[in-house]
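Numbering (the working numbering), first residue to last: 433 to 823. C-beta: ideal position from N, C-alpha, C; glycine also. The next block holds one structure in the form of structure tokens; read it before the comments.
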Ligand code: PLP
């Protein structure tokens, strides 16, 4: 019998993909399903970016590129960071990867091993915990709380650090909650980390362009005190509606950058060349499409939050970032995952149960409002009807 090594028994999954497949299967049977499950913009990639990708193919960019990415893209990433965060980063510190996930995969592989502890947000992106468990390290969930506006708490995070902690993962604006951590909390975290110089930090800022109500995104790159142990994760998937192109980038301290380069050489070799040229057009080109998408998400955010708060026994804090709402459904009497399954099978609305994002996700659902206002209204109507009949 074939026997895969035991670490594969510990690797997890991302249920959003399973829900996407189930929603597609129901739609193929003729069912009308509104999909608020998957976290991807419903907009097409802006036309000038698509054209740049096509041009790159026509211009003959068909071969391998450097494993760390083509120099003009690494320079464009450094310019983007300077423009958005006011921070100088050397293009040499930038690594181009096939999607934001690959940065977290690399960082967790670098620090995860039996005996090590890795702190990660809970509820949080499910791949953090999955990868930590895969490496044999101990996952230490940092609770992300509704009564804290779903921001991470510096105090609670720092209290969980031990001499075995090797990596701390933070994510703001956050998936699945839409929480944005305010500057005071980030300041306090960085200050506290000074006493723990052996802890690396992975800052997942993939939703950094999406904040609302005047809330500012605070990048950890802006803190010189932790730059020598900070891994900054960003990418094109969400900001430029490019989930299928597979383009991410990260900034690494020097020794870690070389380790990341070796992981690339040993696995994917490089990001596909045309995608990298499209990435330059995304970062250096006009940003109007990004502004228009964020404005649309903002309008839909209001619709979704207002609608959710009118549902029986449901309450929803107003998310300040990303494109997710994380309503509290504990008072409906349903377990969150059972409710998500019933909503899909019986009401034709795809959402994700909070427990798919961690132990602290029980009692919540995640709705992605990266969908049209019309579909959001239809989903809320169906949820209202379902909950009125089945509560
Ligand atoms: N980080 C967070 C918090 C995410 O929500 C996602 C995607 O959903 C990613 C990273 C990964 O993005 P990518 O599709 O670029 O791999």
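Can you look up residue i in the DSSP assignment and give me helix, strand or coil?
i           : result
residue 598 : strand
residue 800 : strand
residue 549 : strand
residue 764 : helix
residue 808 : helix
residue 656 : helix
residue 451 : helix
residue 497 : coil
residue 786 : helix
residue 419 : Any property of residue 419 remains undetermined from this structure, which presents the chain solely from 433 to 823.
residue 614 : coil
residue 467 : strand
residue 650 : coil
residue 534 : helix
residue 554 : strand
residue 575 : strand
residue 565 : helix
residue 817 : helix
residue 628 : coil
residue 503 : helix
Look at the alpha carbon of residue i and the alpha carbon of residue j, and state the distance between them as a whole number of angstroms.
i           : j           : result
residue 540 : residue 616 : 27 Å
residue 780 : residue 620 : 44 Å
residue 646 : residue 752 : 9 Å
residue 536 : residue 564 : 10 Å
residue 550 : residue 602 : 11 Å
residue 460 : residue 748 : 32 Å
residue 538 : residue 552 : 15 Å
residue 458 : residue 467 : 11 Å
residue 722 : residue 672 : 6 Å
residue 731 : residue 568 : 43 Å
residue 734 : residue 640 : 19 Å
residue 560 : residue 542 : 13 Å
residue 729 : residue 756 : 9 Å
residue 483 : residue 717 : 12 Å
residue 431 : residue 544 : A question about residue 431 goes unanswered here, because the residues of the chain that appear run from 433 up to 823.
residue 648 : residue 477 : 25 Å
residue 604 : residue 610 : 8 Å
residue 698 : residue 485 : 26 Å
residue 443 : residue 683 : 26 Å
residue 533 : residue 606 : 14 Å
residue 449 : residue 776 : 14 Å
residue 805 : residue 783 : 16 Å
residue 761 : residue 745 : 7 Å
residue 726 : residue 581 : 20 Å
residue 670 : residue 584 : 22 Å
residue 547 : residue 750 : 39 Å
residue 667 : residue 821 : 43 Å
residue 680 : residue 573 : 25 Å
residue 642 : residue 435 : 44 Å
residue 739 : residue 508 : 40 Å
residue 789 : residue 815 : 21 Å
residue 696 : residue 737 : 41 Å
residue 661 : residue 685 : 6 Å
residue 588 : residue 656 : 23 Å
residue 635 : residue 462 : 42 Å
DSSP has residue i in a bridge; who is on the other side?
i           : result
residue 529 : 680
residue 570 : 549
residue 643 : 753
residue 747 : 760
residue 603 : 636
residue 687 : None; residue 687 has no bridge partner.
residue 781 : 466
Could you spell out the range, first to last residue, of the beta strand (DSSP E) harbouring residue i?
i           : result
residue 633 : 632-636
List the endpoints of the continuous alpha helix (DSSP H) containing residue i.
i           : result
residue 704 : Taken as a continuous stretch (DSSP letters only), residue 704 belongs to no alpha helix (DSSP H), as it is neither H nor E.
residue 592 : Neither: residue 592 is in no alpha helix (DSSP H) and is coded neither H nor E.
residue 519 : First-last for residue 519: undefined, no H or E at that position.
residue 481 : 479-490
residue 725 : 720-741
residue 439 : 439-442
**Q.** Three or more C-beta pairs below 8 Å linking the segment 618-632 and the segment 770-783
**A.** Two segments are said to touch when three or more pairs of C-beta atoms, one from each, lie closer than 8 Å; by this definition the segment 618-632 does not touch the segment 770-783.
Q. Contact between the segment 524-531 and the segment 681-692: three or more CB pairs below 8 Å?
A. Three or more pairs of CB atoms, one per stretch, sit closer than 8 Å, so the segment 524-531 contacts the segment 681-692.
(Q) With three or more C-beta pairs closer than 8 Å as the rule, is the segment 797-809 touching the segment 469-485? (A) The segment 469-485, when compared against the segment 797-809, does touch it at the 8 Å Cβ threshold.
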